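Visitor: Questions regarding the structure given below will be posed in turn.
Residue numbers (the numbering used here): 15 to 325.
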């Protein structure tokens, strides 16, 4: 066992309640940064007040990943972000996957649990992607049922993330903000607002980010994701790719500032999943988000933030 883990508990299972995640910045947890985090400690990295993991990376029973995660959980709150539950699938939820997720939730007592408005499995086959769902009343019923099943099984409220999309669909019966608001009303779930996904999707579909966010149910947002994206170009076309492989774009920073000024700060995560940089680079990005949040909190009453808990 690495020296950093000697004396660490096997897992914080004795924690009586989930460690609440305050409206501060967090960072996606990567194995290459385990030692940076444990050697520094909370006082040395104030820009990272919590960490988020992808659930599927920790669904094994033990080993080094759990040893490190347990040690980090003793010092920091955790959020669990799922990518494989496939809430938008036509068929039933995978019971084995749901059981593994529950085991992870009970083991680490995360402050937040989230999943995607998407599907990634069909007929027992899982795909390495998150596919969007048609925004119809039938889909609303189906996804709502899956969210209710998940929340009942976990005995926890979950957050649902808006996806990145690349094409307009012809069968939509409502906008994405409307769909998410209806989901929240029907199931009691919260919303994870990924502002990079907003920028990517709106650009790809030639829609306005201002219009999208003007109709977004901001009071239901329990977490925000910020990330970078790439741009693929051809002779007469441009496509934005949600690859989480670079710094947050200036456009996304502007969207974040506008949201915080209107609705107030929320727990905010810096996502960086490909071409992962050194840990200090992530802290720089988290520091930028923290500064925006602090400014919005300081001057919030002048900007309408006093109404952040109502619609």
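Even glycine gets a Cβ: it sits at the ideal position worked out from N, Cα and C. If you're wondering where the values come from, they're calculated on a predicted model, not measured in any experiment.
1) Relative to the alpha-carbon of residue 305, which residue among 275, 166, 137 has its alpha-carbon at the smallest distance?
2) Specify, as a first and last residue, the run of the beta strand (DSSP E) that residue 175 falls within.
3) Please list the segments of the alpha helix (DSSP H) lying wholly inside the region 214-249, counting only runs of 4 or more residues, in order along the chain.
4) Spatial neighbours of residue 224 within its chain, please: C-beta separation below 7 angstroms, excluding the five flanking residues on both sides.
5) Between which two residues does the beta strand (DSSP E) holding residue 128 run?
6) The alpha helix (DSSP H) spanning residue 277 covers which residue range?
7) Touching or not, the region 245-252 and the region 197-214, by the rule of three or more beta carbon pairs under 8 angstroms?
8) Hey, how far is the Cα of residue 264 from the Cα of residue 59?
9) Using 10 angstroms around the beta-carbon of residue 42, count the other beta-carbons present and answer buried if the total reaches 16, otherwise exposed.
10) Beta carbon of residue 122, beta carbon of residue 82: below 9 angstroms?
11) Enumerate in chain order the residues of its own chain whose CB-to-CB distance from residue 216 is below 7 angstroms, with the five nearest sequence positions on each side excluded.
12) Leaving out five residues on either side along the sequence, give the residues of the same chain with a beta carbon under 8 angstroms from the beta carbon of residue 107.
13) Please report how far the alpha carbon of residue 196 lies from the alpha carbon of residue 154, in whole angstroms.
14) How far does the alpha helix (DSSP H) with residue 160 in it reach, from first residue to last?
15) Tell me which same chain residues have a C-beta within less than 6 angstroms of the C-beta of residue 311, skipping the five on either side of it?
16) Report back the beta-carbon spacing between residue 281 and residue 38 to the nearest angstrom; my notes put them in contact at under 8 angstroms.
17) Can you give, in chain order, each stretch of the alpha helix (DSSP H) that sits fully within the region 51-116 and has at least 4 residues?
18) Could you tell me if residue 235 is buried or exposed, where buried requires 16 or more neighbouring beta carbons within 10 angstroms of its beta carbon?
19) By how many angstroms is the C-alpha of residue 151 removed from the C-alpha of residue 232?
20) Taking the alpha carbon of residue 113 as the reference point, which residue from 87, 73, 95, 124 has its own alpha carbon closest?
21) Check residue 252 in the structure and name its three-state DSSP category.
22) Among the candidates 283, 179, 169, 55, whose CA atom is the shortest distance from the CA of residue 202?
23) Exposed or buried, which one is residue 204 when buried takes at least 16 other CB atoms within 10 Å?
24) Let's see if you can read the secondary structure: which residues bound the alpha helix (DSSP H) around residue 306?
25) Which partner residues of residue 208 appear in the DSSP bridge assignment?
26) Is residue 132 buried or exposed, if buried means 16 or more other CB atoms sit within 10 Å of its CB?
27) Sort out for me which residues DSSP pairs residue 41 with in a bridge.
28) Could you spell out where the alpha helix (DSSP H) holding residue 198 opens and where it closes?
29) If you draw a straight line from the C-alpha of residue 34 to the C-alpha of residue 237, how long is it?
30) Taking all protein chains shown into account, decide if residue 179 is buried (16 or more other Cβ within 10 angstroms of its Cβ) or exposed.
Guide: The short version:
1) Nearest C-alpha to residue 305: 275.
2) 173-175
3) 223-228
4) none
5) 126-130
6) 264-277
7) no
8) 24 angstroms
9) buried
10) For residue 122 and residue 82, no; Cβs fall outside 9 angstroms.
11) 222, 223, 226
12) Correct list, in chain order: 99, 100, 101, 160, 163, 164.
13) Roughly 8 angstroms separates the two Cα atoms.
14) From DSSP, the alpha helix (DSSP H) with residue 160 extends over 151-168.
15) 279
16) 7 angstroms
17) 78-87
18) buried
19) 22 angstroms
20) Nearest C-alpha to residue 113: 73.
21) strand
22) For the residues 283, 179, 169, 55, the minimum Cα distance to residue 202 belongs to 169.
23) Buried is the call here.
24) 293-312
25) 239
26) buried
27) 65, 284
28) Its alpha helix (DSSP H) spans residues 190-201.
29) 12 angstroms
30) buried
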